[in-house]
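In the UniProt record's numbering, the protein residues as written are 1 to 406. From the three backbone atoms N, C-alpha and C, an ideal C-beta is built for every residue, glycine too.
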(Lines of atoms letter the chains of each structure in order from A; the text may use other names.)
(Lines give C-alpha, C1' and ligand atoms only; values in the text may rest on other atoms or scores of the structure.)
Protein backbone atom coordinates (compact mmCIF):
# COMPACT_ATOMS: atom_id res chain seq x y z
CA UNK A 1 0.00 0.00 0.00
CA UNK A 2 1.39 3.45 -0.90
CA UNK A 3 2.24 5.46 2.21
CA UNK A 4 2.31 9.23 2.57
CA UNK A 5 5.73 10.55 3.54
CA UNK A 6 6.62 13.98 4.75
CA UNK A 7 10.36 14.52 4.80
CA UNK A 8 13.08 17.06 5.42
CA UNK A 9 14.87 15.70 2.36
CA UNK A 10 18.42 14.35 2.12
CA UNK A 11 21.42 16.52 1.51
CA UNK A 12 22.38 15.21 -1.89
CA UNK A 13 19.80 12.77 -3.28
CA UNK A 14 19.09 12.87 -6.98
CA UNK A 15 15.30 12.52 -7.08
CA UNK A 16 13.40 15.46 -5.58
CA UNK A 17 9.90 14.13 -6.26
CA UNK A 18 9.77 12.13 -3.05
CA UNK A 19 11.23 14.72 -0.71
CA UNK A 20 9.06 15.44 2.27
CA UNK A 21 8.76 18.86 3.90
CA UNK A 22 10.02 19.29 7.42
CA UNK A 23 7.65 20.06 10.21
CA UNK A 24 8.70 21.72 13.47
CA UNK A 25 7.29 20.90 16.88
CA UNK A 26 7.60 23.68 19.40
CA UNK A 27 5.49 22.12 22.13
CA UNK A 28 5.77 18.89 24.04
CA UNK A 29 3.06 17.15 22.05
CA UNK A 30 3.42 15.43 18.68
CA UNK A 31 1.56 15.50 15.41
CA UNK A 32 -0.01 12.28 14.26
CA UNK A 33 0.58 10.99 10.79
CA UNK A 34 3.05 8.80 8.98
CA UNK A 35 6.61 9.89 8.25
CA UNK A 36 6.23 13.49 9.33
CA UNK A 37 9.26 15.39 10.45
CA UNK A 38 9.54 16.94 13.87
CA UNK A 39 12.24 19.28 15.05
CA UNK A 40 12.74 20.76 18.49
CA UNK A 41 14.72 23.44 20.25
CA UNK A 42 15.21 21.72 23.60
CA UNK A 43 18.72 21.60 24.99
CA UNK A 44 20.42 18.48 26.31
CA UNK A 45 20.13 17.56 29.94
CA UNK A 46 21.54 15.02 32.31
CA UNK A 47 19.62 11.77 32.42
CA UNK A 48 20.03 8.14 31.45
CA UNK A 49 23.46 6.60 30.98
CA UNK A 50 24.29 5.63 27.39
CA UNK A 51 26.90 3.58 25.50
CA UNK A 52 28.95 2.19 28.38
CA UNK A 53 28.64 -1.43 27.23
CA UNK A 54 29.33 -1.02 23.54
CA UNK A 55 32.24 1.36 24.03
CA UNK A 56 33.99 -1.14 26.30
CA UNK A 57 33.47 -4.09 23.98
CA UNK A 58 34.26 -2.43 20.67
CA UNK A 59 37.31 -3.97 18.96
CA UNK A 60 40.23 -1.70 18.17
CA UNK A 61 40.10 -0.06 14.78
CA UNK A 62 42.93 0.48 12.38
CA UNK A 63 44.48 3.90 12.57
CA UNK A 64 42.71 6.14 10.08
CA UNK A 65 43.59 9.20 8.12
CA UNK A 66 42.55 12.35 9.90
CA UNK A 67 42.69 16.09 9.57
CA UNK A 68 43.27 18.75 12.14
CA UNK A 69 40.15 20.48 13.39
CA UNK A 70 40.08 23.30 15.86
CA UNK A 71 36.89 24.10 17.75
CA UNK A 72 37.96 27.67 18.24
CA UNK A 73 36.80 30.19 15.64
CA UNK A 74 37.01 30.38 11.88
CA UNK A 75 40.64 31.31 11.47
CA UNK A 76 41.86 27.99 12.84
CA UNK A 77 39.76 26.11 10.26
CA UNK A 78 41.08 27.97 7.22
CA UNK A 79 44.14 26.68 5.45
CA UNK A 80 46.16 28.37 2.70
CA UNK A 81 44.97 27.41 -0.76
CA UNK A 82 47.24 25.06 -2.65
CA UNK A 83 47.00 27.44 -5.60
CA UNK A 84 46.99 31.05 -4.36
CA UNK A 85 46.02 32.21 -7.86
CA UNK A 86 43.03 29.86 -8.03
CA UNK A 87 39.39 30.68 -7.31
CA UNK A 88 38.35 31.71 -3.82
CA UNK A 89 36.70 28.57 -2.45
CA UNK A 90 34.72 30.59 0.10
CA UNK A 91 32.98 32.82 -2.46
CA UNK A 92 29.70 31.68 -3.98
CA UNK A 93 30.35 33.47 -7.28
CA UNK A 94 33.19 31.01 -7.99
CA UNK A 95 30.79 28.08 -8.28
CA UNK A 96 28.89 27.11 -11.43
CA UNK A 97 25.44 25.69 -10.66
CA UNK A 98 23.90 22.93 -12.78
CA UNK A 99 20.72 21.44 -11.32
CA UNK A 100 18.60 21.12 -8.18
CA UNK A 101 19.15 17.67 -6.67
CA UNK A 102 17.37 18.03 -3.32
CA UNK A 103 15.04 20.30 -1.43
CA UNK A 104 12.83 20.75 1.60
CA UNK A 105 11.90 23.19 4.32
CA UNK A 106 15.58 23.96 4.91
CA UNK A 107 16.19 25.30 1.38
CA UNK A 108 17.71 23.45 -1.56
CA UNK A 109 20.69 21.35 -2.60
CA UNK A 110 22.29 21.98 -5.99
CA UNK A 111 24.81 20.14 -8.10
CA UNK A 112 27.69 22.54 -8.77
CA UNK A 113 31.32 22.73 -9.78
CA UNK A 114 34.13 25.13 -9.03
CA UNK A 115 34.90 27.33 -11.99
CA UNK A 116 37.85 26.03 -14.04
CA UNK A 117 37.46 22.60 -12.42
CA UNK A 118 35.60 19.50 -13.59
CA UNK A 119 34.97 18.02 -10.14
CA UNK A 120 31.38 18.09 -8.95
CA UNK A 121 30.14 19.07 -5.51
CA UNK A 122 26.77 19.35 -3.79
CA UNK A 123 25.97 22.76 -2.34
CA UNK A 124 23.37 22.99 0.41
CA UNK A 125 21.91 26.50 0.49
CA UNK A 126 20.40 27.50 3.83
CA UNK A 127 18.57 30.77 4.32
CA UNK A 128 19.58 32.36 7.61
CA UNK A 129 16.55 32.95 9.81
CA UNK A 130 16.14 33.97 13.46
CA UNK A 131 16.92 30.91 15.57
CA UNK A 132 18.54 28.94 12.72
CA UNK A 133 22.17 29.74 13.53
CA UNK A 134 22.64 26.91 16.03
CA UNK A 135 21.42 24.18 13.66
CA UNK A 136 23.50 25.52 10.76
CA UNK A 137 26.60 25.71 12.94
CA UNK A 138 26.03 22.17 14.22
CA UNK A 139 25.71 20.79 10.70
CA UNK A 140 28.90 22.58 9.62
CA UNK A 141 30.75 21.30 12.70
CA UNK A 142 29.77 17.72 11.89
CA UNK A 143 30.83 18.10 8.26
CA UNK A 144 34.31 19.06 9.49
CA UNK A 145 34.58 15.60 11.07
CA UNK A 146 33.14 13.44 8.31
CA UNK A 147 36.49 12.60 6.68
CA UNK A 148 37.02 10.30 9.68
CA UNK A 149 34.62 7.72 8.23
CA UNK A 150 34.18 6.57 4.62
CA UNK A 151 30.48 5.97 5.31
CA UNK A 152 29.53 9.59 5.96
CA UNK A 153 28.84 12.20 3.30
CA UNK A 154 32.06 14.24 3.25
CA UNK A 155 32.07 17.97 3.98
CA UNK A 156 34.48 20.13 2.00
CA UNK A 157 33.74 23.72 3.05
CA UNK A 158 31.26 26.10 4.65
CA UNK A 159 30.83 29.86 4.37
CA UNK A 160 28.12 32.51 4.47
CA UNK A 161 26.83 35.71 2.91
CA UNK A 162 24.53 38.22 4.52
CA UNK A 163 21.41 36.12 4.03
CA UNK A 164 22.55 32.58 3.31
CA UNK A 165 24.86 29.85 4.58
CA UNK A 166 26.48 27.41 2.14
CA UNK A 167 27.65 23.89 2.92
CA UNK A 168 29.90 22.35 0.25
CA UNK A 169 29.77 18.54 0.25
CA UNK A 170 30.79 15.65 -1.91
CA UNK A 171 28.35 14.82 -4.67
CA UNK A 172 27.10 11.27 -4.15
CA UNK A 173 25.92 10.17 -7.57
CA UNK A 174 24.19 6.84 -6.94
CA UNK A 175 20.98 8.25 -5.46
CA UNK A 176 19.53 7.18 -2.12
CA UNK A 177 18.66 3.89 -0.47
CA UNK A 178 15.04 5.03 -0.81
CA UNK A 179 15.51 5.15 -4.59
CA UNK A 180 16.81 1.58 -4.56
CA UNK A 181 13.93 0.28 -2.45
CA UNK A 182 11.27 1.98 -4.54
CA UNK A 183 12.85 0.87 -7.82
CA UNK A 184 13.77 -2.71 -6.93
CA UNK A 185 11.87 -3.64 -3.76
CA UNK A 186 13.63 -5.78 -1.12
CA UNK A 187 17.38 -6.12 -1.60
CA UNK A 188 19.22 -9.41 -1.85
CA UNK A 189 20.76 -10.53 1.42
CA UNK A 190 24.34 -9.83 0.33
CA UNK A 191 23.49 -6.15 -0.11
CA UNK A 192 21.51 -6.07 3.14
CA UNK A 193 24.52 -7.44 5.00
CA UNK A 194 27.02 -5.03 3.39
CA UNK A 195 24.87 -1.91 3.71
CA UNK A 196 23.95 -2.78 7.31
CA UNK A 197 27.62 -3.18 8.24
CA UNK A 198 28.52 0.14 6.60
CA UNK A 199 25.68 1.88 8.45
CA UNK A 200 27.05 0.42 11.69
CA UNK A 201 30.51 1.85 10.92
CA UNK A 202 29.07 5.29 10.17
CA UNK A 203 26.86 5.38 13.26
CA UNK A 204 29.63 4.23 15.58
CA UNK A 205 31.91 7.00 14.30
CA UNK A 206 29.18 9.59 14.92
CA UNK A 207 28.38 8.28 18.39
CA UNK A 208 32.07 8.04 19.35
CA UNK A 209 32.21 11.77 18.59
CA UNK A 210 29.10 12.55 20.65
CA UNK A 211 26.81 13.03 17.64
CA UNK A 212 23.22 11.73 17.49
CA UNK A 213 21.82 11.85 13.94
CA UNK A 214 18.10 11.73 14.91
CA UNK A 215 16.80 11.43 11.34
CA UNK A 216 18.29 8.20 10.02
CA UNK A 217 16.13 6.77 7.22
CA UNK A 218 16.60 5.44 3.67
CA UNK A 219 16.24 8.94 2.19
CA UNK A 220 19.29 10.10 4.17
CA UNK A 221 21.44 7.10 3.25
CA UNK A 222 23.08 7.79 -0.09
CA UNK A 223 24.94 5.45 -2.43
CA UNK A 224 28.09 6.38 -4.29
CA UNK A 225 28.97 5.20 -7.80
CA UNK A 226 30.87 2.23 -6.34
CA UNK A 227 27.84 1.07 -4.37
CA UNK A 228 28.94 2.10 -0.86
CA UNK A 229 26.57 3.88 1.52
CA UNK A 230 27.00 7.42 2.83
CA UNK A 231 24.99 8.67 5.80
CA UNK A 232 23.93 12.24 4.99
CA UNK A 233 21.86 15.21 6.17
CA UNK A 234 22.93 16.27 9.65
CA UNK A 235 20.39 19.10 9.86
CA UNK A 236 18.63 17.58 12.89
CA UNK A 237 21.72 16.16 14.58
CA UNK A 238 22.84 17.03 18.10
CA UNK A 239 26.42 17.28 19.33
CA UNK A 240 28.18 16.59 22.63
CA UNK A 241 25.89 13.75 23.72
CA UNK A 242 28.34 11.78 25.84
CA UNK A 243 27.96 9.63 28.95
CA UNK A 244 24.71 10.20 30.82
CA UNK A 245 23.69 13.30 28.88
CA UNK A 246 20.32 13.12 27.11
CA UNK A 247 18.24 15.36 24.87
CA UNK A 248 14.50 15.85 24.58
CA UNK A 249 12.02 16.87 21.92
CA UNK A 250 10.50 15.14 18.91
CA UNK A 251 12.70 15.13 15.83
CA UNK A 252 12.95 12.88 12.81
CA UNK A 253 10.51 10.92 10.66
CA UNK A 254 7.66 9.12 12.37
CA UNK A 255 8.18 5.60 11.01
CA UNK A 256 11.80 5.64 12.22
CA UNK A 257 11.30 7.34 15.60
CA UNK A 258 12.19 5.34 18.70
CA UNK A 259 9.53 4.90 21.42
CA UNK A 260 11.40 7.18 23.82
CA UNK A 261 11.14 10.07 21.34
CA UNK A 262 7.42 9.50 20.78
CA UNK A 263 6.76 9.35 24.52
CA UNK A 264 8.62 12.64 25.12
CA UNK A 265 11.32 11.10 27.29
CA UNK A 266 14.99 11.99 27.39
CA UNK A 267 17.03 10.02 24.87
CA UNK A 268 20.53 9.50 23.51
CA UNK A 269 22.29 7.65 20.68
CA UNK A 270 20.04 4.61 21.20
CA UNK A 271 17.43 6.31 18.97
CA UNK A 272 19.75 5.91 15.96
CA UNK A 273 20.06 2.17 16.60
CA UNK A 274 16.27 1.84 16.65
CA UNK A 275 16.11 3.61 13.26
CA UNK A 276 18.89 1.32 12.03
CA UNK A 277 16.74 -1.72 12.92
CA UNK A 278 13.77 -0.33 11.00
CA UNK A 279 15.98 0.35 7.96
CA UNK A 280 17.54 -3.13 7.97
CA UNK A 281 14.08 -4.70 8.13
CA UNK A 282 12.94 -2.47 5.25
CA UNK A 283 15.97 -3.44 3.15
CA UNK A 284 15.32 -7.14 3.71
CA UNK A 285 11.52 -7.19 3.37
CA UNK A 286 10.52 -3.99 1.58
CA UNK A 287 8.35 -3.03 4.56
CA UNK A 288 8.85 -1.29 7.89
CA UNK A 289 8.28 -3.65 10.84
CA UNK A 290 5.20 -1.87 12.17
CA UNK A 291 1.75 -1.98 10.54
CA UNK A 292 0.28 1.13 8.91
CA UNK A 293 -2.76 1.02 11.18
CA UNK A 294 -0.79 0.80 14.44
CA UNK A 295 -1.75 3.44 17.00
CA UNK A 296 0.98 6.02 17.45
CA UNK A 297 0.08 6.16 21.14
CA UNK A 298 0.39 2.41 21.63
CA UNK A 299 4.06 1.85 22.36
CA UNK A 300 3.49 -1.83 23.22
CA UNK A 301 3.14 -2.94 19.59
CA UNK A 302 5.63 -5.67 18.79
CA UNK A 303 7.60 -5.37 15.56
CA UNK A 304 6.32 -7.46 12.68
CA UNK A 305 9.39 -9.54 11.77
CA UNK A 306 8.60 -12.10 9.04
CA UNK A 307 9.23 -15.71 10.00
CA UNK A 308 10.95 -16.47 6.68
CA UNK A 309 13.94 -14.29 7.53
CA UNK A 310 17.07 -16.08 8.73
CA UNK A 311 17.43 -16.85 12.42
CA UNK A 312 20.38 -14.45 12.76
CA UNK A 313 18.61 -11.56 11.02
CA UNK A 314 15.46 -12.02 13.12
CA UNK A 315 17.57 -11.96 16.29
CA UNK A 316 19.43 -8.83 15.12
CA UNK A 317 16.17 -7.01 14.40
CA UNK A 318 14.64 -7.96 17.75
CA UNK A 319 17.69 -6.64 19.59
CA UNK A 320 17.81 -3.38 17.62
CA UNK A 321 14.05 -2.87 18.08
CA UNK A 322 14.28 -3.41 21.84
CA UNK A 323 11.93 -0.91 23.49
CA UNK A 324 14.19 -0.42 26.50
CA UNK A 325 16.93 1.86 25.12
CA UNK A 326 19.38 0.79 27.81
CA UNK A 327 19.14 -2.81 26.53
CA UNK A 328 19.13 -1.96 22.83
CA UNK A 329 21.90 -3.47 20.71
CA UNK A 330 24.38 -0.82 19.64
CA UNK A 331 24.26 0.81 23.05
CA UNK A 332 24.22 -2.47 24.97
CA UNK A 333 26.56 -5.19 23.75
CA UNK A 334 28.85 -5.33 20.74
CA UNK A 335 26.85 -5.21 17.52
CA UNK A 336 29.90 -6.13 15.43
CA UNK A 337 30.03 -9.52 17.12
CA UNK A 338 26.43 -10.40 16.27
CA UNK A 339 26.21 -13.62 14.19
CA UNK A 340 24.46 -11.78 11.34
CA UNK A 341 27.78 -10.02 10.66
CA UNK A 342 29.94 -13.14 10.97
CA UNK A 343 31.15 -12.82 7.36
CA UNK A 344 32.22 -9.18 7.78
CA UNK A 345 35.90 -8.35 8.20
CA UNK A 346 35.42 -5.14 10.16
CA UNK A 347 39.01 -3.96 9.96
CA UNK A 348 39.07 -4.40 6.20
CA UNK A 349 35.68 -2.73 5.85
CA UNK A 350 36.58 0.21 8.07
CA UNK A 351 39.25 1.92 5.97
CA UNK A 352 39.64 2.07 3.06
CA UNK A 353 36.32 0.60 1.92
CA UNK A 354 36.55 -2.78 0.22
CA UNK A 355 35.31 -2.72 -3.39
CA UNK A 356 31.55 -3.09 -3.57
CA UNK A 357 30.06 -5.46 -6.16
CA UNK A 358 27.14 -3.07 -6.71
CA UNK A 359 27.99 -0.38 -9.28
CA UNK A 360 25.30 2.26 -9.63
CA UNK A 361 24.38 4.82 -12.27
CA UNK A 362 26.07 8.22 -12.05
CA UNK A 363 24.91 11.68 -13.03
CA UNK A 364 23.77 12.31 -16.58
CA UNK A 365 25.06 14.98 -18.93
CA UNK A 366 21.68 16.67 -18.59
CA UNK A 367 22.34 17.27 -14.90
CA UNK A 368 25.70 18.87 -15.67
CA UNK A 369 24.36 21.53 -18.04
CA UNK A 370 24.55 25.09 -16.68
CA UNK A 371 21.50 25.96 -14.61
CA UNK A 372 18.78 27.65 -16.70
CA UNK A 373 15.89 27.74 -14.26
CA UNK A 374 14.49 30.50 -12.09
CA UNK A 375 17.03 33.13 -11.06
CA UNK A 376 18.97 32.04 -7.98
CA UNK A 377 18.30 34.64 -5.31
CA UNK A 378 21.45 33.87 -3.39
CA UNK A 379 23.48 34.88 -6.47
CA UNK A 380 21.41 37.80 -7.71
CA UNK A 381 20.84 39.71 -4.47
CA UNK A 382 24.12 39.04 -2.73
CA UNK A 383 26.80 39.33 -5.41
CA UNK A 384 30.13 40.27 -3.94
CA UNK A 385 28.68 40.49 -0.42
CA UNK A 386 30.19 38.70 2.52
CA UNK A 387 28.98 38.46 6.10
CA UNK A 388 30.99 41.40 7.44
CA UNK A 389 28.84 43.57 9.68
CA UNK A 390 25.87 41.24 9.30
CA UNK A 391 23.77 40.99 12.44
CA UNK A 392 22.95 37.36 11.53
CA UNK A 393 26.59 36.38 11.15
CA UNK A 394 27.32 32.85 12.42
CA UNK A 395 30.71 33.00 14.17
CA UNK A 396 33.16 30.21 13.36
CA UNK A 397 31.12 28.81 10.47
CA UNK A 398 33.71 28.94 7.69
CA UNK A 399 36.14 26.14 6.96
CA UNK A 400 37.90 24.58 3.98
CA UNK A 401 38.97 20.96 3.85
CA UNK A 402 42.31 20.29 2.19
CA UNK A 403 40.72 17.90 -0.33
CA UNK A 404 38.87 20.81 -1.96
CA UNK A 405 42.11 22.69 -2.41
CA UNK A 406 43.91 19.95 -4.32
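Can you tell me whether residue i is buried or exposed? The criterion is at least 16 other CB atoms within 10 Å of its CB, across all chains shown.
{"i": "residue 348", "result": "exposed"}
{"i": "residue 98", "result": "buried"}
{"i": "residue 220", "result": "buried"}
{"i": "residue 258", "result": "buried"}
{"i": "residue 308", "result": "exposed"}
{"i": "residue 182", "result": "exposed"}
{"i": "residue 426", "result": "With the chain covering 1 to 406 only, the question about residue 426 has no answer from this structure."}
{"i": "residue 154", "result": "buried"}
{"i": "residue 188", "result": "exposed"}
{"i": "residue 327", "result": "exposed"}
{"i": "residue 135", "result": "buried"}
{"i": "residue 130", "result": "exposed"}
{"i": "residue 180", "result": "buried"}
So, using beta-carbon positions, are residue i and residue j closer together than 8 angstroms?
{"i": "residue 122", "j": "residue 142", "result": "no"}
{"i": "residue 176", "j": "residue 222", "result": "yes"}
{"i": "residue 228", "j": "residue 173", "result": "no"}
{"i": "residue 256", "j": "residue 217", "result": "yes"}
{"i": "residue 92", "j": "residue 205", "result": "no"}
{"i": "residue 270", "j": "residue 330", "result": "yes"}
{"i": "residue 264", "j": "residue 246", "result": "no"}
{"i": "residue 394", "j": "residue 137", "result": "yes"}
{"i": "residue 186", "j": "residue 285", "result": "yes"}
{"i": "residue 312", "j": "residue 339", "result": "yes"}
{"i": "residue 128", "j": "residue 392", "result": "yes"}
{"i": "residue 272", "j": "residue 213", "result": "yes"}
On the three-state DSSP scale, how would you describe residue i?
{"i": "residue 89", "result": "coil"}
{"i": "residue 212", "result": "strand"}
{"i": "residue 189", "result": "helix"}
{"i": "residue 175", "result": "coil"}
{"i": "residue 206", "result": "helix"}
{"i": "residue 99", "result": "strand"}
{"i": "residue 199", "result": "helix"}
{"i": "residue 402", "result": "helix"}
{"i": "residue 397", "result": "coil"}
{"i": "residue 181", "result": "helix"}
{"i": "residue 194", "result": "helix"}
Which whole runs of the alpha helix (DSSP H) in the segment 311 to 348 are 4 residues long or more, in chain order?
-> Listed in chain order, they are 311 to 320.
At which residue ranges does the segment 117 to 173 contain complete alpha helix (DSSP H) runs of 4 or more residues, listed in the order of the chain?
-> Entirely contained in the segment 117 to 173, the alpha helix (DSSP H) runs reaching 4 residues are, in chain order, 133 to 145.
With a cut-off of 8 angstroms, do at least 3 Cβ pairs link the segment 157 to 173 to the segment 390 to 403?
-> Segments in contact, yes.
Do the segment 244 to 252 and the segment 303 to 314 make contact, defined as three or more Cβ pairs closer than 8 angstroms?
-> Touching, no.
Do the segment 279 to 293 and the segment 230 to 238 meet, that is, are 3 or more Cβ pairs less than 8 angstroms apart?
-> Taking 8 angstroms as the limit for Cβ pairs, the verdict is that the segment 230 to 238 does not touch the segment 279 to 293.
Does the pairing of the segment 188 to 195 with the segment 107 to 121 give three or more beta-carbon distances under 8 angstroms?
-> By the Cβ rule, the segment 188 to 195 does not count as touching the segment 107 to 121, because fewer than three pairs are nearer than 8 angstroms.
List in chain order: all unbroken beta strand (DSSP E) runs of 3+ residues lying wholly within the segment 216 to 290.
-> Under the rule that a run must span 3 or more residues, the beta strand (DSSP E) segments found entirely inside the segment 216 to 290 read 221 to 223, 229 to 231.
Stretch pair the segment 209 to 218 + the segment 160 to 171: three plus CB contacts closer than 8 angstroms = With the cut-off at 8 angstroms, the segment 209 to 218 and the segment 160 to 171 do not touch.
The segment 316 to 324 / the segment 266 to 277 touching (three or more Cβ pairs under 8 angstroms) | In short, these stretches touch, since the Cβ pair count reaches three.
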